[in-house]
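> Before I ask anything, let me first share the structure, which is written out below as structure tokens.
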Amino acid sequence: MDAIIMAGGLGSRLGMGEKPCVSLLDKPLITYVIDALHEASGIDKVYVAVSPATPLTQSFLKKKYNGEVRSIMTGGGNYVGDMIYAVKEAAINAPVMIIMADLPLLNGKHIDYVIEEYEKCGKPAMSVFSPLAVCKGLSVRPDTVFNWGGELIVPSGVNIIDGSNVEQEQDYESLVSQEAAFALNINRAEDLHRCKEIIEQRLLSRS
Ligand SMILES: Nc1nc2c(ncn2[C@@H]2O[C@H](COP(=O)(O)OP(=O)(O)O)[C@@H](O)[C@H]2O)c(=O)[nH]1
Ligand SMILES: [Mg+2]
Numbered sequence: 001m002d003a004i005i006m007a008g009g010l011g012s013r014l015g016m017g018e019k020p021c022v023s024l025l026d027k028p029l030i031t032y033v034i035d036a037l038h039e040a041s042g043i044d045k046v047y048v049a050v051s052p053a054t055p056l057t058q059s060f061l062k063k064k065y066n067g068e069v070r071s072i073m074t075g076g077g078n079y080v081g082d083m084i085y086a087v088k089e090a091a092i093n094a095p096v097m098i099i100m101a102d103l104p105l106l107n108g109k110h111i112d113y114v115i116e117e118y119e120k121c122g123k124p125a126m127s128v129f130s131p132l133a134v135c136k137g138l139s140v141r142p143d144t145v146f147n148w149g150g151e152l153i154v155p156s157g158v159n160i161i162d163g164s165n166v167e168q169e170q171d172y173e174s175l176v177s178q179e180a181a182f183a184l185n186i187n188r189a190e191d192l193h194r195c196k197e198i199i200e201q202r203l204l205s206r207s
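The opening residue of the sequence shown carries number 1 in full-length UniProt numbering; numbering runs sequentially from there.
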């Protein structure tokens with residue numbers, strides 16, 4: 001399936017300019033998600049929904065990926081409206097992954113796991129969640145919390161929807177994952193710092 005990375009937000013909580021371009025260990029944040037999508041065997045084309053708030057992101061993608069990753073200019077300031085516009089603009093009439101640009105710990109295996117679970121579930125849409133306890137363990141302050149049969153869960157920013165029916169509300173399967181990679185969303189300076197520490201620790205333990 002194709003994927004659309006949402007990358008047209010203001011990034012005001014982080015306050016470091018365009019969030020997709022903020023450097024994490026010398027790499028722009030959005031490159032981590034692009035690498036994960038390219039690494040996944042279940043992803044074909046990758047699109048990025050930029051907005052007037054993220055012009056540098058658009059020019060960076062053009063320079064670095066030279067057409068391999070296509071930018072779609074959305075209006076900005078309306079997450080759902082921009083997502084619908086991007087799916088239509090990309091002419092995707094099949095299941096499509098909608099993913100945030102601020103999830104740098106994700107890798108190809110995480111992406112393929114979501115696609116496999118989606119294919120098994122039989123529903124038109126899937127939404128990935130992290131248990132609130134996992135977010136708290138990473139000191140991530142969630143934007144939204146749902147009560148899912150008594151368990152408190154937080155949307156991770158990874159979804160699959162049916163691109164042939166984007167205007168309609170879609171019945172979705174909830175996939176709750178304990179993986180830190182789905183929970184560590186970079187919204188604030190603390191999150192960026194925490195993420196840097198995790199990646200550095202991993203590099204150290206490998207060497
Ligand atoms: N195209 C588009 N992208 C958005 C919009 N709002 C948020 N995003 C992107 O969606 C992802 C998650 O949003 P959030 O963390 O709330 O972003 P923030 O507003 O930049 O802090 C980020 O990668 C944002 O760039 C929007 O209205 N339009
Ligand atoms: Mg976020």
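We treat Cβ as the ideally placed atom computed from N, Cα and C, and that holds for glycine.
Source: prediction; values computed, not measured.
#1: In the DSSP output, what is residue 6 paired with across the bridge?
#2: What do you get for residue 20, buried or exposed, if any count of 16 or more other CB atoms within 10 angstroms of its CB means buried?
#3: Taking the continuous beta strand (DSSP E) assigned at residue 208, which residues delimit it?
#4: Just curious, the alpha helix (DSSP H) that residue 56 is in, first and last residue?
#5: Quick one: what does DSSP say residue 163 is sitting in, helix, strand or coil?
#6: Just curious, the beta strand (DSSP E) that residue 128 is in, first and last residue?
#7: Give the single residue among 164, 127, 160 whose Cα lies nearest to the Cα of residue 154.
#8: Kindly examine ligand 2 and report whether one of its heavy atoms sits closer than 7 angstroms to the Cβ of residue 102.
#9: Is any heavy atom of ligand 2 found at a distance shorter than 7 angstroms from the C-beta of residue 185?
#10: Find out if the Cβ-Cβ distance for the pair residue 54, residue 18 is shorter than 8 angstroms.
#11: Could you pull out every residue in the same chain whose Cβ sits closer than 8 angstroms to the Cβ of residue 222, ignoring the five residues on either side in sequence?
#12: Compare the beta carbon distance of residue 51 and residue 82 with 8 angstroms and say whether it is the shorter of the two.
#13: So is the beta-carbon of residue 17 under 7 angstroms away from any non-hydrogen atom of ligand 1?
#14: Counting along the chain, where does the beta strand (DSSP E) carrying residue 70 start and finish?
#15: Drop a sphere of 10 angstroms on the beta-carbon of residue 80, count the other beta-carbons inside from all chains shown, and report buried for 16 or more, exposed for fewer.
#16: Pick out whichever of 201, 38, 61 has its Cα sitting closest to the Cα of residue 48.
#17: Do you know whose CA, among 188, 27, 131, lies nearest residue 150's CA?
With the given structure in hand:
#1: 49, 100
#2: buried
#3: For the chain, the structure presents residues 1 to 207; residue 208 sits outside this window and is missing.
#4: 55-65
#5: helix
#6: 125-131
#7: 127
#8: yes
#9: yes
#10: yes
#11: No statement about residue 222 is possible, as the shown extent of the chain runs from 1 to 207 and does not include it.
#12: yes
#13: no
#14: 69-73
#15: exposed
#16: 61
#17: 131
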